[in-house]
Amino acid sequence: MKKGVLLTLLFILGFSVAAGQAPHAKHRDAFYPKKDSMIRANPMPFLWPQEDGENTFRLGRKPDLSSAAVEETEWSFVFNGKKLEPGTWYWQVNEHQVQEFTVPEKVEWSMEIPDFGSIRERMPKTHPRLLLLEGERASFAKRISPDLRKEVLENADLFMKTSMDDLLPPNVDFSRINDATVNRLAINDTKIFLGKVKTPILYLAKAWLLTGETKYAEKCVELTLGVRNLDPRLVGLNDFTRSAVQDTLVFAFDSCFEFFEPADRLAIQKTIGAGAERVYEHLAGRLEAHMFDNHSWQKTYASLLRSAVALYGHDDRADEWLEYCYKLWFARAPAGGFNYDGGWFNGTGYLSANIVTLIQVPLLWQRLVGIDAFAHPWFQNAADSIIATYPPGSYSAGFGDGHSSQTHPHWKRGVFMELLAKETANPRAAWYFQTLEKWEHGQKKRIYDPNAKHKLDSEALEWFVNLSEKPMPVPKPPSETARAMPDTGVVAIHTAPESVKDDVFVAFRSSPYGSGSHCLASQNAFNIIAGGKPLFLSSGYYTSFADPHTLLHYRHSRGHNTILADGLGQTIGTSGYGQIRRFHSSPIITYTMGDASDAYGGKMTDDMWVKNFKKNNVEHSRENGFGDAGVTKFLRHLLFIHPINTLVILDELEGDHPIEWSWLLHSPNELKTEGNDRFKTSNGLFDGYVEARGGTSAKISTEFFSPATNWQKHKAYDGSVRPMPDQWHLSVDSKPAAKQRFLSIIQITPSGEKPRVVEWKKGGAEIGDWRVSVTLDVFQGSEKEFSLADPAIQFLEGFSSR
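In this note's numbering, the protein residues as written are 112 to 913.
This is the structure we're talking about:
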């Protein structure tokens with residue numbers, strides 16, 4: 112008897128935002144909360160578009176705001192950390208329209224925080240404050256892992272022989288610094304140099320705090336004094352170079368406070384203060400009104416917080432810096448403040464760039480002022496989301512910048528999972544940490560190598576994780592075979608989540624964050640990882656944030672397993688968004704549907720991208736695949752049949768004119784034609800068999816739209832220059848049509864095992880003993896057939912921050 116799966120297409124729920132409006136604007140253009148806002152938290156932040164000067168904020172229960180609470184602020188938000196009573200509230204900023212919103216009886220997230228006055232009283236009066244608190248040496252020395260203790264002391268002894276004269280800065284031609292290539296290479300070389308400066312100072316500071324041996328503190332001070340003499344042009348190249356120097360001075364100042372001569376200590380204090388004030392002026396009023404400013408959240412916010420903590424009581428400005436950091440974190444962090452599912456919208460791989468902030472900042476709030484920042488839903492869900500999108504020993508989901516640079520998760524993600532295991536009592540996170548250590552990339556390098564890509568633990572991540580005093584839960588392997596993350600816009604499907612060598616991993620993306628920032632124009636795209644290695648994967652290489660290859664292929668929709676319309680891709684920017692609309696999973700099937708109907712508008716309105724195209728002499732034109740494609744509907748249904756490792760994809764496409772639709776599929780492995788509409792590839796462990804119906808022609812190529820060259824000499828994990836070999840690209844093209852359907856079947860089998868025979872029938876196909884039928888009629892289902900009208904289907908709606 113045939114086992115039936117019936118795909119039934121139903122009416123789709125709409126966004127809560129107006130048609131054409133991105134759920135998350137890059138720069139805030141609306142007030143939050145307002146009448147149609149989804150209120151998920153209480154207390155909630157009050158946010159508005161950035162304005163110059165001081166803002167007057169009013170909040171009350173009456174429309175005329177009589178008897179309202181009033182607050183003056185130069186920031187673009189207010190967050191007082193106190194719950195509001197359920198019911199209708201009104202608020203206003205300056206003379207703008209009064210906003211009305213309703214606080215529901217129940218919310219997803221609720222945690223009050225103390226007013227800042229009580230935070231002032233709890234701040235330490237002595238040093239150290241960051242790597243340890245006064246009086247912690249003995250207890251920490253007992254708690255620290257033997258491996259970390261050995262690493263700190265052996266490398267500190269090595270650095271006792273280091274001199275600033277040994278650390279030669281790069282030779283930068285500042286007369287050509289405005290040239291994009293010269294500037295990028297200068298930044299890269301300077302970051303490497305500053306890492307060589309920071310690492311010895313940090314390890315000497317840690318050795319002093321761990322042992323109390325003054326020789327380490329004295330050497331730390333000696334090297335720190337040399338940092339003040341660095342060429343300011345090198346230091347000021349970008350946010351990362353400035354933060355590297357700022358953090359070096361802050362950790363040394365705080366850890367070895369009493370070892371500096373008063374005059375030297377005051378000079379360093381002034382340098383730190385000047386740097387912190389510059390950062391504060393750059394962030395305050397702007398960062399809270401930005402969807403997610405990458406460098407600010409990766410580096411500069413945490414740098415400002417550490418500076419404020421170190422200088423508190425020494426520099427009066429530190430009080431304002433600390434208050435800003437305190438309220439901003441609980442208003443807009445982590446992950447932008449509106450993501451509860453634990454995913455990372457910039458891509459799983461890019462989470463590693465934010466791990467310093469995600470480890471250090473919540474631990475500082477916990478240790479300094481006693482607030483459990485890890486209680487936030489994002490942290491509570493983060494471990495399971497990481498397991499779903501980046502299993503230990505496996506390639507990641509494959510979305511976002513740089514996913515190909517980390518072919519397997521490395522030790523930094525492991526220590527983050529160790530912290531999540533402790534702080535959220537998650538046994539699966541403990542399993543991940545334990546399992547990752549068995550893989551080469553998960554093993555931390557503990558001996559200093561100045562030529563290595565990553566020079567020891569230059570951010571003290573493992574040290575900070577050891578500061579957590581909560582117990583490690585007993586490891587337990589994961590069993591979840593599918594996970595939907597609608598806030599992030601990703602679905603992950605697995606067959607064996609506990610065993611990477613046996614696992615077939617399907618990742619699907621349709622994200623309300625669009626394709627700006629480090630996201631790519633990959634709405635309704637999928638990847639398939641089998642046995643931990645890519646089988647079908649987005650194509651191209653992250654040669655840089657913006658160059659001809661990244662703009663014309665890697666970032667463009669043509670580089671992803673999605674759809675082109677008349678050769679045109681999706682909009683670059685937040686307006687090129689999608690949405691995970693439906694999700695259902697059982698031991699037999701997992702179903703999801705993404706809506707990318709609004710992703711093809713074509714207009715590029717983000718000044719950053721306009722400048723990047725111009726700087727790289729890339730024309731934003733239809734000839735290059737950019738423009739309004741006239742797409743009015745793109746729904747992609749994915750149905751994974753677990754017992755037979757088969758993915759069924761149904762695409763519903765409509766346009767405002769007859770369009771030539773292109774169904775794209777990429778692989779790092781050779782793609783071969785096996786008869787009409789049938790294709791095969793293999794990653795050496797698993798084979799992938801593809802049959803796609805709906806097109807009239809198909810072609811396979813190995814050419815990128817713009818060639819990939821590793822002009823920055825990016826290094827692989829082993830320190831060698833990373834190669835960028837050819838990849839394979841399949842395009843199945845239709846005749847011009849205003850309405851089009853593609854039905855595709857991908858079977859994944861162990862290498863060498865034959866796939867099931869697919870027999871195409873009117874309205875569907877038979878895959879061995881399984882029948883897949885497609886109908887446009889509502890169907891109520893039966894015991895043998897699964898219908899999308901099934902009440903088990905979740906209708907999802909990712910959060911809009913408008």
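Here a beta-carbon is modelled for each residue, glycine too, at the ideal position from N, C-alpha and C.
When Cβ pairs closer than 8 angstroms are counted between the two stretches, the region 615–631 is seen not to touch the region 770–778, the count staying below three. Cβ neighbours of L662 within its own chain (closer than 6 angstroms, five residues either side excluded): V729. Nearest to P597 by C-alpha distance, out of T682, I224, F449, G738, is F449. K744 is bridged by DSSP to E765.
Membership of W202 in the beta strand (DSSP E) is indicated by the continuous run 198–204.
Non-local beta-carbon contacts of E877 in its own chain, meaning distances under 6 angstroms to residues more than five positions away in sequence, involve E870 in chain order. Under the three-state reduction of DSSP, N638 is assigned to strand. With a threshold of 16 other beta carbon atoms within 10 Å, K549 falls short and is exposed. Going by beta carbons, F751 and V883 fall outside the 8 angstroms limit. In this structure P645 does not touch I498 by the C-beta definition: roughly 19 angstroms separates them, more than the 8 angstroms allowed.
Cβ contact annotation for A571 (same chain, cutoff 7 angstroms, sequence separation greater than five): L242, L313, K317, in chain order. Using a Cβ-Cβ distance cut-off of 8 angstroms, the region 373–391 and the region 421–430 are in contact, since at least three pairs of beta carbons, one from each stretch, lie closer than that value. Taking C-beta atoms as the reference points, T310 and L567 count as a pair closer than 8 angstroms. In the three-state scheme derived from DSSP, where H, G and I count as helix and E and B as strand, V526 is classed as helix. Rounded to whole angstroms, P836 and E219 show a C-alpha spacing of 47 angstroms.
Short of 8 angstroms from the beta carbon of I755, and not among the five residues preceding or following it, lie these beta carbons of its own chain, in chain order: Q858, R867, I878, G879, W881. Between L360 and T335, the gap from beta carbon to beta carbon is short of 8 angstroms. In this chain, the alpha helix (DSSP H) harbouring R376 covers 373–394. Contact between S633 and S649 holds: their C-beta atoms lie close to 6 angstroms from each other, under 8 angstroms.
The DSSP-derived three-state label of V602 is strand. Under the three-pair Cβ rule at 8 angstroms, the region 181–195 does not count as touching the region 474–482. With contact defined as three or more Cβ pairs closer than 8 angstroms, the region 804–812 and the region 825–845 are in contact. Linking T673 to K555 through their CA atoms gives a straight-line distance of about 37 angstroms. Assigned with DSSP and collapsed to three states, P584 falls in coil, not helix or strand. Judged by beta-carbon spacing, G684 lies within the 8 angstroms limit of D717, meaning their Cβ atoms are closer than that value.
With fewer than 16 other CB atoms across the displayed protein chains lying within 10 angstroms of its CB, I699 is exposed. Residue pairing for Q681: DSSP places it in no beta bridge. Around the C-beta of Q208, fewer than 16 other C-beta atoms lie within 10 Å, and the residue is accordingly described as exposed. In the DSSP annotation of this structure, E185 is not part of any alpha helix (DSSP H), being labelled neither H nor E.
Per DSSP, the continuous alpha helix (DSSP H) segment holding I470 begins and ends at 466–480.
Here the alpha carbon of L244 sits roughly 12 angstroms from the alpha carbon of V420. Where S366 is concerned, the enclosing alpha helix (DSSP H) starts and stops at 350–366. Fewer than three pairs of CB atoms, one per stretch, sit closer than 8 angstroms, so the region 263–278 makes no contact with the region 458–474.
Counting only runs of 4 or more residues that sit fully inside the region 211–274, the alpha helix (DSSP H) segments are 227–233, 248–254, 257–270, in chain order. In the structure shown, N166 falls within a strand segment according to DSSP collapsed to helix, strand and coil. Secondary structure note for P861: it is in no alpha helix (DSSP H), and the uninterrupted beta strand (DSSP E) holding it is 848–861.
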